[in-house]
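**Q** Take this structure, written in structure tokens, and hold onto it; I'll ask about it next.
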């Protein structure tokens, strides 16, 4: 028999919104235009709303379902019953009938209203509105034949995920989406692997597909040998997953397993998964996709919540890290040929001190509520830290003069720019800890963009060079009694844990999902050491 | 009876989906008309769409207006859900 060739798509890990493995036949959901009809009766819409509302009620009352699912269903129910929506629909109806184009016009008007808030978290709710309007017209859409499939759609709506989860769908693939949509949160809550930002996969419909939403890979039409191997991977993973949750609760004496988070909703998930604190709280979500920078108060309340939730454990909050691929509407940064080598991280903050100072004021005030550490991104020279310390001192004095309460906090730097490897001795006296960001470090060391498949073979975060750098950093940090953490993807790789601990890394910061897996690995290592005496 | 009160929103989520839905649910049992005024825009506090379209972030100052027999109760509900603090 002729051997089949695997078609493998490498996927940037940032495109994984829900981790896991899936194997099944690829099915494609093609959305029809909202309806072929020209009119819809108000009565039919009310009937559909009632039916969907009853379905949602069942979910809301089902306490065996994850809290997130019930909360999102509650929001959908209230949207369905919204007086503003029904007033619009009634006003648009003539003799009890609404033109479909008017119906779509009302939908678009509501979407524009949400978009005009300039608030990314509210703008994410646009998906829920699209979902609502589609559902009211097509509540009869059936997915029954999708059992055990890997499903591709241009985008998924929250109600799709709820329906698909009951059918035992193996994985979700889509062209659009983001980490913070309700659909993504639901996929994580139902533990369905989900990868976004994929090109159209329709041409592979019907083919067997293996989805690796852990390492970032999709294999289309795998050969028999690979297929057997994938089945083993899934089996091992499924068995481990059932067993694994209990490891999340373990605490170790000399190492902490903390969570990397990017939005406030993840604070609770991290806590549930057993995080020993937050090792990397990215703050970009507060700043991007809006017209104005967040106020001091807005930031303060978010930081305070994270810090209070984890007290007495540590919460490491990273200063805004934009530039590179992330831009701010209200802070025009001139386009450069190499944005990753340009004005980003602390470099940008020192140039725009108004943004830095507001963030520092919020952080320093939040420090009064628990155990805060501030992490500085993209440090290149000791001068970066010295200049930042001056701003911190100035901010502290201002706050104290205003009678504001400040707690104690630690200051640390990301080690991600190669120069720091040789300058760490000069920087160490000014800081309390270091955190090695292996993703950017690997990019800069190997001069390879991790999202560019053409240079994928140069991006090797498990290369001996990276481990040697970590060894150098931990050795130097030890001379200054500085704890070292690793917060890149490398920290979440089970086979790297042993090496990292041996090198003296005392904190690993990983995605919430990986926490029990990494704790299990540490437990096994420690047991092995015990037995070998 | 009409009551007006300016408060500062201390809920860390501002008036995003979760607190907005809590608010609408909590106001189901209130007969008064309740509005939230933010940056000159008035929103029906019993409509999740109206509330979301205000785009209220944590730390923002809003005015709550309640008209009806149980206006006082309505204001209290809004304050509780938004962890509202009377603005100075």
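Chains as they are written, first to last, in my numbering: chain A, 1 to 533; chain B, 534 to 621.
Using N, Cα and C, we set each Cβ at its ideal position, and we do this for glycine too.
#1: If residue 580/B and residue 607/B are in contact, beta carbons under 8 Å, what's the gap, nearest whole angstrom?
#2: Apart from the five residues on each side of it in sequence, which residues of its chain come closer than 7 Å, Cβ to Cβ, to residue 418/A?
#3: Look up residue 253/A in the DSSP assignment and say whether it is helix, strand or coil.
#4: Could you spell out the range, first to last residue, of the alpha helix (DSSP H) harbouring residue 599/B?
#5: Shortest alpha-carbon distance to residue 313/A belongs to which of 409/A, 381/A, 398/A?
#6: Strictly under 8 Å for the Cβ-Cβ distance: is residue 262/A near chain B by that measure?
#7: When the Cα of residue 515/A is compared with those of 14/A, 19/A, 8/A, which residue comes out closest?
#8: Against chain B, which members of the stretch 9-33 of chain A pass a CB distance test of less than 9 Å?
#9: Looking at C-alpha atoms only, which residue of 218/A, 332/A, 383/A, 435/A is the closest neighbour of residue 199/A?
#10: Exposed or buried, which one is residue 239/A when buried takes at least 16 other CB atoms within 10 Å?
#11: Closer than 8 Å by C-beta to residue 476/A: which residues in its own chain qualify, once you throw out the five before and the five after it? Chain order, please.
#12: What residue from 398/A, 364/A, 127/A, 98/A has the CA that sits closest to residue 110/A's CA?
#13: Closer than 8 Å by C-beta to residue 62/A: which residues in its own chain qualify, once you throw out the five before and the five after it? Chain order, please.
#14: Can you give the Cα-Cα distance for residue 333/A and residue 339/A, rounded to whole angstroms?
#15: What do you get for residue 7/A, buried or exposed, if any count of 16 or more other CB atoms within 10 angstroms of its CB means buried?
#16: Under 8 Å, Cβ to Cβ, is there at least one residue of chain A near residue 554/B?
#17: Distance, Cα to Cα, residue 170/A vs residue 214/A?
#18: Check whether the stretch 591-600 of chain B touches the stretch 290-299 of chain A, counting contact only when three or more Cβ pairs, one atom from each stretch, lie closer than 8 Å.
#19: Are there 16 or more other CB atoms within 10 angstroms of the CB of residue 403/A, so buried, or fewer, so exposed?
#20: Report the three-state DSSP secondary structure of residue 132/A (helix, strand or coil).
#21: Report yes or no: is there a C-beta of chain B within less than 8 Å of the C-beta of residue 272/A?
#22: Of the residues that make up the stretch 47-75 of chain A, which ones have a beta carbon closer than 7 Å to any beta carbon in chain B?
#23: Verify the CB distance criterion: does residue 307/A have a CB-CB separation below 8 Å to chain B?
#24: For the beta strand (DSSP E) holding residue 574/B, just list the boundary residues, first then last.
#25: Could you tell me which chain A residues have their CB closer than 7 Å to the CB of residue 557/B, listed as they occur along the chain?
#26: What residue from 519/A, 369/A, 465/A, 470/A has the CA that sits closest to residue 494/A's CA?
#27: Whose Cβ in chain B lies nearer than 8 Å to the Cβ of residue 367/A?
#28: Express the C-alpha separation of residue 179/A and residue 394/A in angstroms, rounding to a whole number.
#29: Step through the CB atoms of chain B and report whether any lies within less than 8 Å of the CB of residue 186/A.
#30: Which runs of the alpha helix (DSSP H) spanning at least 4 residues fall entirely within the stretch 355-401 of chain A, listed in chain order?
#31: Do you know how far the Cα of residue 195/A is from the Cα of residue 187/A?
#32: What do you reckon, are the CB atoms on residue 291/A and residue 118/A nearer than 8 Å?
#33: Among 398/A, 54/A, 521/A, 368/A, which residue has its Cα nearest to the Cα of residue 499/A?
#34: Which stretch, first to last residue, makes up the alpha helix (DSSP H) that contains residue 70/A?
#35: Whole angstroms is fine: what's the gap from residue 161/A's alpha carbon to residue 73/A's?
#36: Would you kindly work out how many angstroms separate the C-alpha atoms of residue 555/B and residue 54/A, rounded to a whole number?
**A** Let me lay it out:
#1: Between residue 607/B and residue 580/B the Cβ distance is about 14 Å, and since that is not below 8 Å, they are no contact.
#2: 444, 445
#3: coil
#4: Element bounds for residue 599/B: not the alpha helix (DSSP H) but the beta strand (DSSP E), 594-600.
#5: 409/A
#6: no
#7: 19/A
#8: none
#9: 218/A
#10: exposed
#11: 424, 425, 428
#12: 127/A
#13: 70
#14: 10 Å
#15: exposed
#16: yes
#17: 14 Å
#18: yes
#19: exposed
#20: helix
#21: no
#22: 71, 74, 75
#23: no
#24: 574-577
#25: 78
#26: 519/A
#27: What residue 367/A touches in chain B: nothing, since even the nearest Cβ is about 16 Å away.
#28: 36 Å
#29: no
#30: 382-401
#31: 10 Å
#32: yes
#33: 521/A
#34: 67-80
#35: 11 Å
#36: 19 Å
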